[in-house]
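Under numbering that gives the first Met the number 0, the first residue of the sequence shown carries the number 0, and numbering increases by one thereafter. In this text, a Cβ means the ideal position worked out from N, Cα and C, and glycines have one as well. Remarks on the structure that follows.
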Amino acid sequence: MENRYFETLKAKDASLPEQVAEQISQLIVERRLESGAKLPNEFELAAQLNVGRGTVREAVKLLVSRNVLVIRRGLGTYIASRPGQVDDPLGFAYYPDQLRLSMDLLEVRANLEPWVAGTAAQRATQENMDALREMCLLVERDILEGRDHLAHDVEFHVRIAQCTQNLVVPELIPIITYAVGLFGKLTGNSLRSETIIDHRAIADAICAHDPDRAEQAMRRHMELNRAELERVAREQRGEIGR
């Protein structure tokens with residue numbers, strides 16, 4: 000490990016475990032370690048960083064809490080599948096009015112996701128398209144067999160983001176996936192048949208490399224979601240029967 004890894008160890012505004020956590024993060028970036036790669040063990044890291052094993056242990060705990068690392072008992076410490084991404088980075092779960100939050104998230108999605116779908120249609124590789132088709136089928140199978148499809152629905156949107164080949168778009172995914180999950184909970188996954196139709200249309204357009212059709216299909220998907228949220232809001236206000 001090069002000396003520059005130790006430069007921030009002299010900083011006075013962070014605890015030693017925090018500084019070591021930063022050094023480990025730099026190591027991951029500099030060595031281009033990818034998801035699933037194994038880190039050196041605790042003894043090796045302590046020797047390389049010239050700190051105690053306890054400090055390394057605390058630094059690793061910090062990085063686990065940030066979803067940078069995962070500990071597999073008996074095997075070692077590995078890079079997380081999506082390093083640094085957490086399910087709820089902006090603390091949406093603590094907003095008291097979840098229906099209002101869902102409407103506001105949908106407003107953001109309605110402006111963002113059609114562009115994402117259009118860009119995906121322009122840039123998707125064959126590997127991307129195969130993965131998208133696979134997830135589309137898994138969502139459909141969940142719905143037709145009466146299972147909760149939310150986990151695969153979320154992954155479907157992740158696959159679309161990956162099709163864009165844009166480094167920033169996947170970083171926005173925790174916001175989109177939280178919105179998808181919240182929508183499903185608030186509506187009771189009511190749009191099952193509509194989800195099958197919409198997902199097929201979006202996937203077909205992306206795989207046909209047709210950005211205009213992909214954007215239109217995603218806009219239609221967002222509009223159906225908006226209408227369903229508005230129905231739930233009217234129901235909560237007592238304007239329509241349950």
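| Asked | Found |
| --- | --- |
| Looking only at its chain, what residues have a beta carbon closer than 8 Å to the beta carbon of Leu98, apart from the 5 residues adjacent to it on each side? | Leu185, Leu228, Val231, Ala232 and Gln235 |
| On the DSSP bridge assignment, give the partners of Arg71 in chain order. | Gly75 |
| Could you give the C-beta distance for Ile201 and Ala216, rounded to a whole number, given that I count them as a contact under 8 Å? | 5 Å |
| If distances are taken between C-alpha atoms only, which option among Phe91, Gln125, Leu105 and Arg56 comes closest to Gln164? | Gln125 |
| Counting pairs of Cβ atoms below 8 Å between the region 34 to 41 and the region 65 to 85, do you hit three or more? | yes |
| Is it the case that the Cβ atoms of Asn260 and Thr76 are separated by a distance below 9 Å? | Because the chain in this structure spans residues 0 to 241, residue 260 falls outside the shown range and cannot be described. |
| Quick check: the region 96 to 113 against the region 127 to 138, are there 3 or more CB pairs under 8 Å? | no |
| Is the CB-CB distance between Val50 and Val28 below 9 Å? | no |
| Opposite Lys37 in the DSSP bridges: which residues? | Tyr77 |
| Apart from the five residues just before and just after Leu44, which ones in its own chain have a Cβ nearer than 6 Å to its Cβ? | Val55 |
| For Ala13, which of helix, strand or coil comes out of DSSP? | coil |
| Quick check on Pro173: buried or exposed, where buried means 16 or more other Cβ atoms within 10 Å of its Cβ? | buried |
| Once you ignore the five residues that flank Ala142 on each side, which residues in its own chain have a CB closer than 7 Å to its CB? | It should be pointed out that residue 142 corresponds to Ile in this sequence rather than to Ala. Excluding positions up to five away in sequence, the list reads His148, Arg191, Thr194 and Ile195. |
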